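Novice: This structure is in structure tokens; I'll ask about it shortly.
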Amino acid sequence: MIGTLSEEFEVNVPAHEAWALYGKLEFTYICVPDLFDKVDVLKGDGGPGTILQPFTKPGTGTLFYTYEDEISRVDDENMVKEVRAHKGGYLSLGFNSYGVRFEVIKKSENSCTTKVTVHYDVKEGFISNTSYVSIEPFTALVKYSNNYLINNHKK
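In structure tokens:
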């Protein structure tokens with residue numbers, strides 16, 4: 021079974037400023053104090069093939085304390101970043117794949133939309149585990165990031 025969840029958020033900063041945050045590895049570290057205990061980089065420099073091991077804080081709406089993710093795509097031209105489950109997490113619940121896509125869409129010179137999409141593919145015998153899929157941890161991440169962008173906007 022294949023599924024997706026998606027949500028969009030408008031932020032009043034130029035798209036290039038938002039992408040400067042979302043497109044880099046620093047995106048993860050900006051959110052560490054409030055959303056994660058820590059994030060270890062197991063391999064890579066933030067580009068495709070980078071393996072991250074986040075350790076989430078209790079009460080942040082995530083199902084797993086730790087797992088491994090791989091940055092599978094960073095497209096600076098189209099302002100798209102994709103991250104997929106690499107080890108543990110949803111893969112341990114019978115999912116063939118689980119990932120998230122962050123996209124920054126220019127609306128005007130001083131505003132953009134951040135779109136976050138969760139996509140998954142679960143094995144037939146584990147379809148009931150789709151009830152664990154939530155976009156909430158990622159919407160919290162985007163909201164936190166958007167607040168950071170607004171508070172640190174270069175005027």
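If you're matching positions, the sequence shown starts at 21 in the working numbering and goes up one per residue.
Backbone N, C-alpha and C define an ideal beta-carbon position, used for all residues, glycine too.
Note that this is a predicted model, so its numbers are computed, not measured.
Pick from S151, Y140, K126, Y110: whose alpha carbon is nearest that of Y85?
Specialist: Taking only the C-alpha atoms, the option nearest Y85 is Y110.
Novice: How far does the alpha helix (DSSP H) with S165 in it extend, from its first residue to its last?
Specialist: Per DSSP, S165 belongs to the alpha helix (DSSP H) from 156-171.
Novice: For F122, which of N166, N130, S151 has the nearest alpha-carbon?
Specialist: Comparing Cα-Cα distances from F122 to each of N166, N130, S151, the minimum goes to N166.
Novice: Kindly indicate which three-state DSSP category F47 falls into: helix, strand or coil?
Specialist: Correct three-state label for F47: helix.
Novice: Leaving aside the five residues before and after A35 along the sequence, list all residues of the same chain whose C-beta is less than 6 Å from its C-beta, in chain order.
Specialist: So the list reads V124, K126, C132, once near-sequence residues are dropped.
Novice: Taking the alpha carbon of Y42 as the reference point, which residue from L55, D96, L62, D60 has its own alpha carbon closest?
Specialist: It is D96 whose Cα lies nearest to the Cα of Y42.
Novice: Give the DSSP bridge partners of H7, in chain order.
Specialist: Residue 7 lies beyond the range of the chain shown here (21 to 175); nothing can be said about it.
Novice: Is the beta carbon of I155 closer than 8 Å to that of E27?
Specialist: Closer than 8 Å, so yes.
Novice: For D95, write down the residues that DSSP places opposite it in a beta bridge.
Specialist: Note: D95 sits in a beta bridge opposite V100.
Novice: To the nearest angstrom, how far is the alpha carbon of K135 from that of F29?
Specialist: Cα to Cα, the separation comes out at about 6 Å.
Novice: Rounded to whole angstroms, how far is the Cβ of E115 from the Cβ of V138, which I believe are closer than 8 Å?
Specialist: The amino acid at residue 115 is misidentified as Glu; the sequence shows Phe. Between V138 and F115 the Cβ distance is about 11 Å, and since that is not below 8 Å, they are no contact.
Novice: For the stretch 138-148 and the stretch 44-63, state whether three or more C-beta atom pairs, one from each stretch, are separated by less than 8 Å.
Specialist: Flag = no, the stretch 138-148 and the stretch 44-63 do not touch.
Novice: Run through DSSP, which three-state label would F146 get?
Specialist: F146 falls in the helix class under three-state DSSP.
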